[in-house]
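So the protein lines, in turn, are chains X and A. Going by the working numbering, the residue at position 488 of the first sequence is 523; the numbering climbs one at a time, nothing skipped. Going by the working numbering, the residue at position 145 of the second sequence is 180; the numbering climbs one at a time, nothing skipped. All C-beta atoms in this analysis are idealised placements derived from N, C-alpha and C, irrespective of residue type, glycine included. Working notes, beginning with the structure itself.
Protein chains: 2
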Amino acid sequence: MKVLSDIEIAQNKKLLHIKEIAAKLGIEEDALEMYGKYKAKLPLTLIDEDKIKKNNLILVTAMTPTPAGEGKTTVSIGLTEGLNKIGKQAIVVLREPSLGPVFGIKGGAAGGGYSQVVPMEDINLHFTGDFNAVEKANNLLAALIDNNLQSSCCNLNIDSRTILWKRVIDMNDRSLRKITIGLGGVANGIPREDGFNITPASEVMAILCMATDFEDLKNRLGNILIGFTFDKKPVFARDLKAENAMAILLKDAIQPNLVQTLEENPAIIHGGPFANIAQGTNTIIATKMGLSLSNYVVTEAGFGADLGAEKFLNIKCAAANLNPKAVVLVATIRALRHHGGAKTEEINTPNLHHVKAGFCNLEKHIENIRKFNIEPVVAINTFVNDSYEEINFVINHCKSLGVQAVVSENWAKGGEGTKDLAHAVVKVVELNKSHFEPLYKWDMPIKEKIEIIAKEIYGADGVDFDKQAKLNLKRIDRLGFNDFAICMAKTQKSFSDNEFLIGRPKNFVVTVREIEIAAGAKFIIPILGQMMRMPGLPGVPASEEMKIDKNGVISGLS
Amino acid sequence: MKVLSDIEIAQNKKLLHIKEIAAKLGIEEDALEMYGKYKAKLPLTLIDEDKIKKNNLILVTAMTPTPAGEGKTTVSIGLTEGLNKIGKQAIVVLREPSLGPVFGIKGGAAGGGYSQVVPMEDINLHFTGDFNAVEKANNLLAALIDNNLQSSCCNLNIDSRTILWKRVIDMNDRSLRKITIGLGGVANGIPREDGFNITPASEVMAILCMATDFEDLKNRLGNILIGFTFDKKPVFARDLKAENAMAILLKDAIQPNLVQTLEENPAIIHGGPFANIAQGTNTIIATKMGLSLSNYVVTEAGFGADLGAEKFLNIKCAAANLNPKAVVLVATIRALRHHGGAKTEEINTPNLHHVKAGFCNLEKHIENIRKFNIEPVVAINTFVNDSYEEINFVINHCKSLGVQAVVSENWAKGGEGTKDLAHAVVKVVELNKSHFEPLYKWDMPIKEKIEIIAKEIYGADGVDFDKQAKLNLKRIDRLGFNDFAICMAKTQKSFSDNEFLIGRPKNFVVTVREIEIAAGAKFIIPILGQMMRMPGLPGVPASEEMKIDKNGVISGLS
């Protein structure tokens, strides 16, 4: 049997009109802002705080991933299908893909196999324009900053060497990482060093995803710290009177997008901040929208649980007063082999010894989730080369920890392959096993919050602060930003800040190199190691393999 | 009585659902791709070549404009309302606005007063994402070029000093005009000089507007000349296998957008190429769509008739085999005063002497339109400070030339103020007075085509070619591009290439400084003087005055 590509599976599906999907949620056609027949924006008036409190939020996160990722998105979609199959009303709430990976190495982010959200082409391309709106709002602020440097009439005395705000473009384009701008004489601005980030790394994206309503969005945009004057005073976006125009550019982007899964269940896809230097999860508004419309809301957060779940719980849930009822930890036998010492070329070969040795990684994630007073369920996202012995070892070992581990065949079978997982999740929810508590209070001192995360979640012995980081802490204190949340920027490949320490590293300290401020998003970003904000294209970009015929049918998009 | 702002007038209008507008054109709801309730994309299958031949295309152009513009867009919209009022089925087909002017000085481009297309906020902001799609397609090609410079596996040996392709951003951002990219070491690309243009200046925009169908679009994208190898061979986008991925990004953007006028008549808004270095008019597909759906199609082209109409007729109509039945020449008393020698501070003061002296400018435009075997109608777009004597002089003088000049009160009265103009246009059409012929054949030599335009349209005695232009001509010949159309890049402020020569200059030659190639658009661009491709923001940007309240109601957008 020919194995179909993701896009072939998606194209073979006859989609329901989006008004029919909306009808399943009790939404009238007139309330929708349709974008073609299969996408719609949902008005914020549908958000209902009472229902948010009553309905059940499920986070899908993962063990420490291999570079290919362990399948959080497909498990999230598959689990939603499975929940609906066993009679629960469930919706999946996901991030929007960036165009960079679509044309680069990684591909899109609409799931895969028989667990996809559709129309996958649209979702992976411009979708409803949200990324573009973020990009334009970000770049308007950048243009206003450089215009102010040039301006004689309303000059804010900004020291161009201190400017923190970069332009963004939703493209893998390494040549824009470090540039000089404003060259060519007096008409062309003030020369200075600069650079572009990829759009999901914009603080505007982080803000859109933290905003609770339109006023909050506007206020946060005004609060963006863009740099300092020559006399060292902070300059904010509001000093450039930028926040209204930026909010105008985001007036549609703030509304969540409704699409469907391959099994015709509703899906909300909204926002897409980077998981390294930002929170890596969809908008608060989208999650609240899901909870206003459906009994079960399945959502995910980027990278492993030490990053994605930690930020989801301590930042997003704490800020929005969300109360997750269960956490699904995605594990793969492949990743367990990796953490048990399998070399790259051995990673797809059954090896019980490696799996046993790698289990410590999953075990630490299980312990971590329980520190939030939430009960985890382990989803084993299976591949064809997983052995019975390996899978059984994981199930039994989880059982010994009191955790249910369930095989999830979401990729090959969709909802039919995730019914067991769905039952396990429902059990945790219905037995009321979780009573979520964040790990820290936002009003603790910055250093203390960072240390709690490092010790409790990463298992570090302590935290070293580099000279630059110490200076940054002083600046944060001077600016009065001590009560911001902590958005850790660390490698996703290890619990530690050293990507080569696999498994469950012990006896290590992490080093905070510097600390950035996202004053609009209201978080502090401790940087542990080098963070990529502008990827490059590979030697043979994915774009070369893409085709579109005269009827508009696309192939080679993944 | 309080004079309402454009946005207040637009917001006071209760819009019809776009499906009702479509129904007026006989389009079923199911054929529409809706973008909210008031915008829709139209499928290309609605294009009907038989109807295109039978229906009537009217071009609205203008005398040589003052910096404020003489109101082609408002006259186009108003005329469409007027035609419908006198019982003709008419649609207006316009360009899409760029975000740059919206936040800069000029404001949006959705008409004004009581001649507007709505929803004006959406049209002036992201609209249906077409500009973003053009930007992404343009910038994907740019990223692929720099990636190829960096690549070891498929290196095309491109000489980075010869790269013609620039990135674009839809923002007035002077600091990006001249930049250096690829700095910071081996991981960050090859350092080189570069710059950003504003999105409407992208050749991708020109191509989108010249394409007749999706295959044509893809072929044209592949034909883009991006630079040369070290051994001086041309490199095209197809050498980077870029055209399919670029076309994929444009799959929705190729469909024209349907909106409505304040008087609930249909309007198509699609594409927006610069009027200086590109053709400055909407897409061929949109114009053909209009002609497939309506008896009368009113459209416009940027700047005065020496640029807009000349390019519209010689490039667009010739390429698409369109047959315009009448040309409306917009004149203002203000512009006539200007061309008659009124100083800037005198321009709004009645002065018959100035108007008489400036009439020569309008007269030359009238003569020019007749060179295409098309009968012009003059629309006098009136302002409150125009005197009866001035207006009467223009009407009578036009009459002496055999041309009907009609007062158009489109701004203050909408269709009610343009009924006379509509009658005048219908008369020209129904008496079958026009038998369009382009001014040159595309297969003539490049130099000859340029000379025909300069002599016949500008009234020049001849054309000087600078050394660089002569080298460019040799390159064009070597590349085999002699049969491309000519897309003149000249100041809009004068018939000549010297913006200070107002009125009807005589005894001058124009100088072609250099000649660019738009191989995908299939035109050659002779550059006469300096052309702006990236505007800057003013000292007080328009964005500062914009407000949006918590209900999403915008003010200060114009």
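So which of the options has the shortest CA-CA distance to residue i?
i	options	result
A/K201	A/G497, A/M569, A/R513, A/G574	A/M569
X/L114	X/K476, X/L364, X/E398, X/A241	X/L364
A/T163	A/A392, A/V429, A/G306, A/R372	A/G306
A/F418	A/N408, A/L118, A/T384	A/T384
A/H52	X/G587, X/E68, X/V412, X/Y475	X/E68
X/H374	X/N192, X/D512, X/F535	X/F535
X/G587	A/S210, A/D287, A/I415	A/D287
X/E238	X/L256, X/D251, X/N223, X/P226	X/L256
X/N300	X/I368, X/I126, X/D248	X/I126
A/I62	A/F309, A/T80, A/L397, A/I193	A/T80
X/A344	X/V270, X/A313, X/N330	X/A313
X/Q527	X/F543, X/M566, X/M155, X/D41	X/M566
X/A553	X/V460, X/K123, X/I521, X/I158	X/I521
X/V544	X/G494, X/D421, X/F263	X/G494
A/N159	A/N223, A/P78, A/A272, A/D41	A/D41
X/D181	X/P359, X/G142, X/V221	X/V221
X/C244	X/T215, X/A354, X/Y149	X/A354
Going straight from the alpha carbon of residue i to that of residue j, what length do you get?
i	j	result
X/I304	A/L284	20 Å
A/A440	A/H388	19 Å
X/K615	X/V294	The question about residue 615 of chain X has no answer, for chain X in this structure spans 36 to 593.
X/I550	X/F500	9 Å
A/S469	A/E298	29 Å
X/M240	X/T234	8 Å
X/H432	X/G146	29 Å
A/T379	A/N183	52 Å
X/A340	X/V169	27 Å
X/A595	X/P136	Because chain X in this structure spans residues 36 to 593, residue 595 of chain X falls outside the shown range and cannot be described.
A/D518	A/I485	12 Å
X/E451	A/A178	42 Å
X/Q503	X/K482	14 Å
X/P576	X/I140	7 Å
X/K582	A/A361	42 Å
X/N232	A/M281	21 Å
X/N533	X/K72	47 Å
X/V461	X/K406	21 Å
Discussion item. Tell me whether the segment 506 to 514 of chain A and the segment 436 to 453 of chain A touch, counting them as touching only if at least three CB pairs, one residue from each stretch, are closer than 8 Å.
Written reply: no
Practice prompt. Taking a Cβ distance cut-off of 9 Å, strictly less, list which residues of the segment 232 to 252 of chain A are near chain X, in chain order.
Written response: D248, F249, E250
Worksheet item: If you scan the segment 210 to 236 of chain A from start to end, which runs of the beta strand (DSSP E) of 3 or more residues do you find wholly inside it?
Response: 214 to 216, 227 to 229, 231 to 233
Worksheet item: Using Cβ-Cβ distances below 9 Å, what residues of the segment 574 to 585 of chain A are close to chain X?
Response: G574, V575, P576, A577, S578, E579, E580, M581, K582, I583, D584, K585
Worksheet item: Mind listing which residues of the segment 129 to 142 of chain A have their C-beta closer than 8 Å to chain X's C-betas, in chain order?
Response: L134, F138
Worksheet item: Curious, which full-length beta strand (DSSP E) runs of at least 3 residues does the segment 233 to 282 of chain X contain?
Response: 260 to 263, 269 to 271
Worksheet item: What are the residues of the segment 45 to 66 of chain X that lie near chain A, defined by any Cβ-Cβ distance shorter than 8 Å?
Response: none
Discussion item. Give the list of continuous alpha helix (DSSP H) stretches no shorter than 4 residues that lie fully inside the segment 290 to 373 of chain A.
Written reply: 319 to 328, 343 to 346
Discussion item. Quick test of the definition: if touching needs 3 or more C-beta pairs under 8 Å, does the segment 115 to 135 of chain X touch the segment 553 to 560 of chain X?
Written reply: no
Item to complete: Write down every uninterrupted run of the alpha helix (DSSP H) in the segment 138 to 165 of chain X whose length is 4 residues or greater and which is fully enclosed by it, in chain order.
Response: 155 to 159
Worksheet item: If you scan the segment 492 to 554 of chain X from start to end, which runs of the alpha helix (DSSP H) of 4 or more residues do you find wholly inside it?
Response: 502 to 514
Worksheet entry | Minimum length 4: unbroken alpha helix (DSSP H) runs contained in the segment 61 to 127 of chain A | 84 to 89, 107 to 120
Worksheet item: Hey, is the segment 333 to 340 of chain X in contact with the segment 47 to 67 of chain X, meaning 3+ C-beta pairs nearer than 8 Å?
Response: Output reads no: the segment 47 to 67 of chain X does not touch the segment 333 to 340 of chain X.
Worksheet item: Are the segment 318 to 332 of chain X and the segment 94 to 111 of chain X in contact at 8 Å, needing three or more beta carbon pairs?
Response: no
Discussion item. Across the segment 346 to 354 of chain A and the segment 264 to 277 of chain A, are there enough close Cβ pairs to call them in contact, namely three or more that are closer than 8 Å?
Written reply: By the Cβ rule, the segment 346 to 354 of chain A does not count as touching the segment 264 to 277 of chain A, because fewer than three pairs are nearer than 8 Å.
Worksheet item: Along the chain, which unbroken stretches of the beta strand (DSSP E) at least 3 residues long are found entirely within the segment 157 to 208 of chain X?
Response: 202 to 204
Item to complete: With 8 Å as the limit, tell me which residues of the segment 369 to 401 of chain X have their beta carbon closer than that to any beta carbon of chain A; keep them in chain order.
Response: none
Worksheet item: Taking three-plus beta-carbon pairs below 8 Å as touching, is the segment 201 to 218 of chain A in contact with the segment 171 to 181 of chain A?
Response: yes
Worksheet item: Quick one, which residues of the segment 151 to 169 of chain A are near chain X if we go by CB-CB under 7 Å, in chain order?
Response: L160, H161, G164, N167, A168
Practice prompt. Check each residue of the segment 65 to 80 of chain X: if its Cβ is closer than 8 Å to any Cβ of chain A, include it; give the result in chain order.
Written response: Residues E68, M69, Y70, G71, K72, K76.
Worksheet item: When you check each C-beta in the segment 199 to 224 of chain X against every C-beta of chain A, which residues fall closer than 9 Å?
Response: R202, I204, D205, M206, N207, D208, R209, S210, L211, R212, K213, I214, T215, I216, G217, L218, G219, G220, A222, N223, G224
Item to complete: Within the segment 401 to 458 of chain X, note down every full alpha helix (DSSP H) run reaching 4 residues or more, in order along the chain.
Response: 423 to 435, 445 to 448
Item to complete: Below 9 Å between beta carbons is the criterion; list the residues of the segment 433 to 454 of chain X that meet it against any residue of chain A, in chain order.
Response: Cβ contacts with chain A: none found.
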